[in-house]
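Inspection log for the structure reproduced underneath, given as structure tokens.
There are 2 protein chains.
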Amino acid sequence: MLSDPRKAPKGSSFILKASDLQLRFCTNETQATREKFVAKLQRLGFDISVPEVFSPAPAATAVLKERGLRPHLLVYDGVLPEFDSVDKTNPNCVVIGDAAENFSYENLNEAFRVLIGLEKPVLFSLGKGRYYKETDGLKLDVGAYMKALEYACDLEAEVIGKPSTVFFQSVLNDMGLQPHEVMMIGDDLVNDVGGAQHCGMKGVQVRTGKYRPSDERHPTVTADGTVDNLAQAVNMILSQRGH
Amino acid sequence: MLSDPRKAPKGSSFILKASDLQLRFCTNETQATREKFVAKLQRLGFDISVPEVFSPAPAATAVLKERGLRPHLLVYDGVLPEFDSVDKTNPNCVVIGDAAENFSYENLNEAFRVLIGLEKPVLFSLGKGRYYKETDGLKLDVGAYMKALEYACDLEAEVIGKPSTVFFQSVLNDMGLQPHEVMMIGDDLVNDVGGAQHCGMKGVQVRTGKYRPSDERHPTVTADGTVDNLAQAVNMILSQRGH
């Protein structure tokens with residue numbers, strides 16, 4: 000299992016693909032559909048297809064249908080098509096993603112009013128990131144807005160996406176494998192490594208992207224291995240299998 | 000000590016004024032200066048003057064000056080004059096109030112960037128209300144945005160205003176009285192009654208405004224008395240003094 004592959008050397012996933020190992024990509028991307036996400040990676044030369052990609056929006060769609068919930072959506076316009084097949088009339092829950100400019104005062108009040116008007120308010124949050132960096136500076140991520148609505152409505156949101164166990168389990172189900180048979184490789188210690196370990200998988204951190212040296216003395220999460228790049232992680236997996 | 004007097008019968012405060020009791024008004028109003036707030040009440044017929052009114056913005060101004068802090072402000076335009084005397088160059092803290100429409104995506108990101116860029120981020124919140132009602136519906140209050148910034152920056156805000164002890168203490172200092180000599184009368188069980196009790200005062204709730212019948216079986220706050228209106232509370236105080 001790999002986190003968002005954009006920062007990884009392309010060769011590494013080719014090696015994995017050439018082996019008989021199953022490969023899935025788990026991303027917390029909530030600003031685009033899987034189709035757009037994959038198309039972008041394909042243009043960059045990655046060998047990747049839509050069914051291999053797991054992101055929060057389609058996972059949320061599955062949960063909504065399973066529980067007969069009709070969402071009021073506060074998400075980025077680009078990810079709306081993932082919710083096309085969901086009944087959104089007369090909402091009985093709220094789903095928030097990283098909505099960026101859609102996190103306006105008016106839209107936040109509207110999402111709040113839907114929640115507070117429900118007999119049993121249910122809030123889903125597509126991830127719980129604190130903030131992220133864009134070319135024009137740092138931006139508050141969905142987790143901050145989740146906390147605002149949680150406080151206002153006195154409830155706890157259900158997080159869909161890494162590091163949620165439900166999210167990782169849905170990927171394991173798709174692979175038809177048990178947690179101990181699968182290794183997660185990612186750059187985010189808490190969301191990738193910790194989340195996978197909590198689910199019973201091994202978690203290996205790569206020293207790229209979100210990696211910080213302080214991760215190697217983190218108080219609660221210890222990776223099952225730390226490698227400089229994805230190629231090293233692939234070698235580790237293959238050597239552990241006796242190849 | 001009285002909470003926002005707008006819902007109280009005017010006669011009651013006249014009775015209090017005619018006695019030798021000291022009277023102060025404590026409000027969490029953060030959308031107007033005290034001058035505008037008092038002018039409005041005077042037009043409605045209330046006998047009230049600016050030095051009798053305590054609200055979060057001037058209390059914050061005092062704290063900022065005392066600690067040599069220069070705020071980045073995310074507040075309602077109408078309350079800005081309260082901060083006229085404060086140095087706001089090169090901010091080393093953030094102050095948020097109920098900014099209403101000023102709680103835009105861009106302004107929230109800007110306040111966040113100031114905080115996260117500080118070596119020791121300090122966030123002041125003028126109150127911590129969850130939400131309030133306006134003619135066009137419910138609105139998220141400052142507490143929700145406080146929680147968003149707290150989570151994003153991994154810090155705890157300092158709340159200025161009711162129910163903060165620092166806030167009530169500043170009013171007691173102004174009166175030159177000890178807590179046991181003062182009674183707080185208000186309609187908000189947690190912010191008025193609980194806050195005052197936490198500070199050592201007696202707290203009486205009036206069954207008006209924010210009062211809910213469930214307040215009388217609240218798990219953590221029990222009022223020292225519950226009355227139907229301010230006149231009853233005034234009678235209670237005067238009779239307890241033997242008048």
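Chains A and B are the protein sequences, given in the same order.
Per numbering that gives the first Met the number 0: the first sequence = residues 0 to 242.
Per numbering that gives the first Met the number 0: the second sequence = residues 0 to 242.
Beta carbons are placed, not taken as given, at the ideal position from N, Cα and C, and that holds for glycine.
Candidates the options: closest to residue i by CA position
i                : options                                : result
Gly126 (chain A) : A:Tyr144, A:Ile115, A:Lys132           : A:Tyr144
His71 (chain A)  : A:Glu105, A:Ser103, A:Leu122           : A:Leu122
Asp153 (chain A) : B:Asp153, B:Gly136, B:Arg129           : B:Arg129
Arg216 (chain A) : A:Val141, A:Gln231, A:Val189           : A:Val189
Val141 (chain B) : A:Gly136, A:Leu137, A:Val141, A:Ala147 : A:Ala147
Pro212 (chain B) : B:Gly202, B:Met200, B:Asp227           : B:Asp227
Ser169 (chain B) : B:Phe45, B:Ser54, B:Gly44, B:Ala38     : B:Ser54
Thr29 (chain A)  : A:Lys64, A:Pro50, A:Leu79, A:Gly44     : A:Leu79
Leu68 (chain A)  : A:Gln21, A:Gly77, A:Thr60              : A:Thr60
Arg66 (chain B)  : B:Met0, B:Leu43, B:Asp86, B:Val49      : B:Asp86
Lys161 (chain B) : B:Leu114, B:Asn27, B:Asp19, B:Gln231   : B:Asn27
Glu105 (chain A) : B:Phe102, B:Asn91, B:Leu1              : B:Phe102
His197 (chain A) : A:Asp214, A:Tyr210, A:Asp223, A:Arg206 : A:Asp223
Asp46 (chain A)  : A:Phe24, A:Ala31, A:Pro57, A:Ala56     : A:Phe24
Val74 (chain A)  : A:Leu63, A:Ser48, A:Ile95              : A:Ile95
Met0 (chain A)   : A:Lys64, A:Met200, A:Pro218, A:Gly77   : A:Met200
Gly136 (chain A) : B:Glu118, B:Leu117, B:Glu109           : B:Glu109
Val233 (chain A) : A:Thr219, A:Ala31, A:Gly202            : A:Gly202
Glu51 (chain B)  : B:Lys64, B:Ser2, B:Tyr131              : B:Ser2
Gly185 (chain A) : A:Pro120, A:Asp214, A:Cys92, A:Ala151  : A:Asp214
Asn187 (chain A) : A:Gly208, A:Val181, A:Phe167           : The sequence shown places Asp at residue 187 (chain A), rather than the Asn named in the question. With distances taken between Cα atoms, Asp187 (chain A) lies closest to A:Gly208.
Tyr150 (chain A) : A:Thr134, A:Val158, A:Ile115, A:Met182 : A:Ile115
Glu81 (chain B)  : B:Val93, B:Ala58, B:Asn91, B:Cys92     : B:Ala58
Burial state of residue i (16 or more Cβ within 10 Å)
i                : result
Gln204 (chain B) : buried
His242 (chain A) : In this predicted model, His242 (chain A) has a pLDDT of only 46, less than 50, meaning its place in the structure is not dependable; the value taken from the coordinates is given anyway. The residue is exposed, with fewer than 16 neighbouring Cβ atoms inside 10 Å.
Glu34 (chain A)  : exposed
Glu100 (chain A) : exposed
His179 (chain A) : exposed
Leu139 (chain B) : buried
Thr164 (chain A) : exposed
Met174 (chain B) : exposed
Asp97 (chain B)  : buried
Thr88 (chain B)  : exposed
Gln177 (chain B) : exposed
Leu107 (chain B) : buried
Tyr210 (chain A) : buried
Under 8 Å from the C-beta of residue i: neighbouring residues of chain A
i                : result
Ile115 (chain B) : Tyr130, Leu137
Asn108 (chain B) : Gly136, Leu137, Lys138, Leu139
Tyr75 (chain B)  : Near Tyr75 (chain B) there are no residues of chain A at all, since even the closest Cβ is about 12 Å away, more than 8 Å.
Element boundaries [alpha helix (DSSP H), containing residue i]
i                : result
Ile236 (chain A) : 229-239
Ile115 (chain B) : 104-115
Tyr130 (chain B) : Where Tyr130 (chain B) is concerned, there is no enclosing alpha helix (DSSP H), although the beta strand (DSSP E) it sits in stretches over 130-133.
Pro57 (chain A)  : 55-65
Cys152 (chain A) : 141-152
Val37 (chain B)  : 33-42
Contacts of residue i in chain A (Cβ-Cβ under 9 Å)
i                : result
Phe111 (chain B) : Tyr130, Leu137, Lys138, Leu139, Ala143
Neighbour flag for residue i against chain B, beta carbons, 7 Å
i                : result
Ala156 (chain A) : no
His242 (chain A) : Because His242 (chain A) carries a pLDDT of 46, less than 50, the predicted location of this residue cannot be relied on, and the following value inherits that uncertainty. So no, His242 (chain A) is outside the interface.
Val94 (chain A)  : no
Val192 (chain A) : no
CB contact check: residue i to chain D, cutoff 7 Å
i               : result
Ala56 (chain A) : In the structure shown, chain D cannot be found, because the protein chains are A and B.
Chain-ordered neighbours of residue i on chain A, where CB pairs are closer than 7 Å
i                : result
Phe24 (chain B)  : Chain A residues near Phe24 (chain B): none, gap ~27 Å exceeds 7 Å.
Tyr150 (chain B) : Arg129, Gly142, Ala143, Lys146
Per-residue contacts from residue i into chain B (C-beta, under 9 Å)
i                : result
Glu100 (chain A) : Tyr104, Glu105
Minimum Cβ-Cβ distance from residue i to chain A less than 7 Å
i                : result
Ala147 (chain B) : yes
Start and end residues, beta strand (DSSP E) containing residue i
i                : result
Thr225 (chain A) : 224-226
Gln204 (chain A) : 201-205
Val158 (chain A) : 157-159
Met183 (chain B) : 182-185
Leu125 (chain A) : 122-125
His217 (chain A) : Here His217 (chain A) belongs to no beta strand (DSSP E), and DSSP marks it neither H nor E.
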